[in-house]
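Residue numbers (my numbering), protein chains in the order written: chain A, 1 to 275; chain B, 1 to 272.
See below for the structure under consideration.
Right, dumping it as structure tokens:
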């Protein structure tokens, strides 16, 4: 495999990636670099396949074209056991938290440790309590997932994602549907975990302010293409109309308010059709 | 104008063939996915046997929790068999053979079939809904990202639990049914108690009757667990998708149980 095109310092490298679902092209020949130790954000409107990108990086989906390299490994060329070994070093925070609903908070965080290590229970307890302390929920360890608020569930899921001390974490829409306090807590957590644990973070989000506050580098994606990239400052000053519309949240602009349709007047006057 | 009905027919015909072809293809693809799923499930057997705790937990929720419905249904089926059998047999003065009739019907047919149908309704639907919801809430995908194979960790223990519980539940069903038949036959209708048991003992064969019944219930347990888990795993991850999958589990399990029962009966009892 030719690694020469990958910059030295990048942990995850996406090159010339194309992916479609049915007839819809989700990614059309995009290339992204995620630097070690940095927080890189992928932004873009809903439905641009941001979650799909994380699943591609995690090897859950296969691209139609292009390569994804994580720490020097071509994710989609790995054997199953190699892929699983790589995944142990990748944490992922799902939008819903994806906590196992039949286990308590403690058991959820202990789950990866129990599955992948042969540590004694006393050591697992210490580790779990440390991870829970890091997200501020050590006191909630006896609760069941259905007793948690959305923000708490996401923090528990974060504690679980860092249980095996991964080299990177992928956050899928960490701020969506959170109240301002939870959002603040998550922003703080993502930033501090990244610094303290020396992680590489990939944040997929459409929450402009929260993401811009913590990201070191931002890619803005729309309709399968990268429409803007740079540091948060550069993005804010971007001259691309599209990026401006997204950052300021204008209803109409290059991204249209209306779903493509035929002429409004014609549509209203064409009677006799059901739809 | 005269050509019109002909072209219309042709169009209908093409549409019909297209539909038929498409349906056949969808069914076969699903069958293929199902078989692949089964292979993956079976390949996890060893890793489950190393951690018997996973299996025991599932045996509890799939098997032990089905105890009540199986016991009560078994008792009633046995009692009805006692009544109906007595009415028919007493016409011929053969009410002493009531024990044979009750035991043979239960061990050969009703035990495996009815308990499998109940099992599909009680445990199969629960399995489908559980797996379907785990998929819908990204728990399966989350597990995959934690480098834990959801098939080995979640599906295989449930499959083995269903497969092992079924013969035990069927045996329980038949045993309680025989007692139910005895309660009605000798307790209520006055068949001689000794005749009930001794006729049963003399005329029931271990290999022909009991073993064949056990084989049937093993097959039903295998098929029902497979269908239930696959439907859950293959469900469209929405509330509507999961509800449809649950319905399909019960319907397809019932069809498979009854169809397979006929085939198995032909092979087991066809030559005498």
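Even glycine gets a Cβ: it sits at the ideal position worked out from N, Cα and C.
Beta bridge counterpart(s) of residue i as assigned by DSSP
{"i": "residue 39(A)", "result": "201(A)"}
{"i": "residue 34(A)", "result": "12(A)"}
{"i": "residue 21(A)", "result": "24(A)"}
{"i": "residue 65(A)", "result": "18(A)"}
{"i": "residue 8(B)", "result": "Answer by DSSP bridge pairing: none, since residue 8(B) is not bridged."}
{"i": "residue 171(A)", "result": "93(A), 203(A)"}
{"i": "residue 228(A)", "result": "220(A)"}
{"i": "residue 70(A)", "result": "12(A), 73(A)"}
With 16 other Cβ atoms within 10 Å as the buried cut-off, status of residue i
{"i": "residue 135(B)", "result": "buried"}
{"i": "residue 67(B)", "result": "exposed"}
{"i": "residue 1(A)", "result": "Bear in mind that the predicted position of residue 1(A) carries a pLDDT of just 44, short of 50, making it unreliable; the figure below should be weighed with that in mind. Residue 1(A) is exposed by the Cβ-count criterion."}
{"i": "residue 164(A)", "result": "buried"}
{"i": "residue 92(A)", "result": "buried"}
{"i": "residue 233(A)", "result": "exposed"}
{"i": "residue 139(B)", "result": "buried"}
{"i": "residue 159(B)", "result": "buried"}
{"i": "residue 137(B)", "result": "buried"}
{"i": "residue 196(B)", "result": "buried"}
{"i": "residue 262(A)", "result": "exposed"}
{"i": "residue 23(B)", "result": "exposed"}
{"i": "residue 266(B)", "result": "exposed"}
{"i": "residue 263(B)", "result": "exposed"}
{"i": "residue 14(B)", "result": "exposed"}
Beta-carbon spacing of residue i, residue j below 7 Å
{"i": "residue 162(B)", "j": "residue 221(B)", "result": "yes"}
{"i": "residue 117(B)", "j": "residue 69(B)", "result": "no"}
{"i": "residue 41(A)", "j": "residue 215(A)", "result": "yes"}
{"i": "residue 128(A)", "j": "residue 105(A)", "result": "no"}
{"i": "residue 48(A)", "j": "residue 205(A)", "result": "no"}
{"i": "residue 232(B)", "j": "residue 98(A)", "result": "no"}
{"i": "residue 146(B)", "j": "residue 120(A)", "result": "no"}
{"i": "residue 28(A)", "j": "residue 16(A)", "result": "no"}
{"i": "residue 250(B)", "j": "residue 132(B)", "result": "no"}
{"i": "residue 167(B)", "j": "residue 107(B)", "result": "no"}
{"i": "residue 181(B)", "j": "residue 82(B)", "result": "yes"}
{"i": "residue 85(B)", "j": "residue 253(B)", "result": "no"}
{"i": "residue 35(A)", "j": "residue 18(A)", "result": "no"}
{"i": "residue 81(A)", "j": "residue 74(A)", "result": "no"}
{"i": "residue 75(B)", "j": "residue 89(B)", "result": "no"}
{"i": "residue 235(B)", "j": "residue 245(B)", "result": "yes"}
{"i": "residue 220(A)", "j": "residue 37(A)", "result": "no"}
{"i": "residue 257(A)", "j": "residue 251(A)", "result": "yes"}
{"i": "residue 241(A)", "j": "residue 254(A)", "result": "yes"}
{"i": "residue 170(B)", "j": "residue 217(B)", "result": "yes"}
{"i": "residue 184(B)", "j": "residue 95(B)", "result": "no"}
{"i": "residue 151(B)", "j": "residue 41(B)", "result": "yes"}
{"i": "residue 182(A)", "j": "residue 151(A)", "result": "yes"}
Backbone CA spacing between residue i and residue j [nearest angstrom]
{"i": "residue 100(A)", "j": "residue 62(B)", "result": "19 Å"}
{"i": "residue 174(B)", "j": "residue 64(B)", "result": "17 Å"}
{"i": "residue 78(A)", "j": "residue 60(A)", "result": "12 Å"}
{"i": "residue 134(A)", "j": "residue 210(A)", "result": "20 Å"}
{"i": "residue 29(B)", "j": "residue 36(B)", "result": "11 Å"}
{"i": "residue 219(B)", "j": "residue 109(B)", "result": "13 Å"}
{"i": "residue 12(A)", "j": "residue 33(A)", "result": "6 Å"}
{"i": "residue 10(B)", "j": "residue 247(A)", "result": "57 Å"}
{"i": "residue 100(B)", "j": "residue 199(B)", "result": "6 Å"}
{"i": "residue 179(A)", "j": "residue 170(A)", "result": "21 Å"}
{"i": "residue 54(B)", "j": "residue 157(B)", "result": "6 Å"}
{"i": "residue 26(B)", "j": "residue 33(B)", "result": "11 Å"}
{"i": "residue 210(B)", "j": "residue 202(B)", "result": "13 Å"}
{"i": "residue 136(A)", "j": "residue 173(A)", "result": "20 Å"}
{"i": "residue 140(A)", "j": "residue 238(B)", "result": "30 Å"}
{"i": "residue 270(A)", "j": "residue 7(B)", "result": "30 Å"}
{"i": "residue 127(B)", "j": "residue 155(B)", "result": "9 Å"}
{"i": "residue 166(A)", "j": "residue 107(A)", "result": "19 Å"}
{"i": "residue 172(B)", "j": "residue 71(B)", "result": "7 Å"}
{"i": "residue 51(B)", "j": "residue 194(B)", "result": "47 Å"}
{"i": "residue 58(B)", "j": "residue 103(B)", "result": "30 Å"}
{"i": "residue 73(B)", "j": "residue 79(B)", "result": "10 Å"}
{"i": "residue 268(A)", "j": "residue 212(A)", "result": "43 Å"}
Any non-hydrogen atom of the ligand GDP closer than 6 Å to residue i Cβ
{"i": "residue 245(A)", "result": "Ligands are entirely absent from the displayed structure, and the ligand GDP is therefore not among its contents."}
Count the C-beta pairs between the segment 115 to 129 of chain A and the segment 187 to 194 of chain A that are closer than 8 Å, then say yes if the count reaches three, no if not. no
Can you confirm whether the segment 253 to 270 of chain B touches the segment 223 to 236 of chain B when touching is taken to mean that 3 or more C-beta pairs between the two stretches lie within less than 8 Å? yes
Would the segment 100 to 114 of chain B count as touching the segment 169 to 185 of chain B if we require 3 or more Cβ pairs under 8 Å? yes
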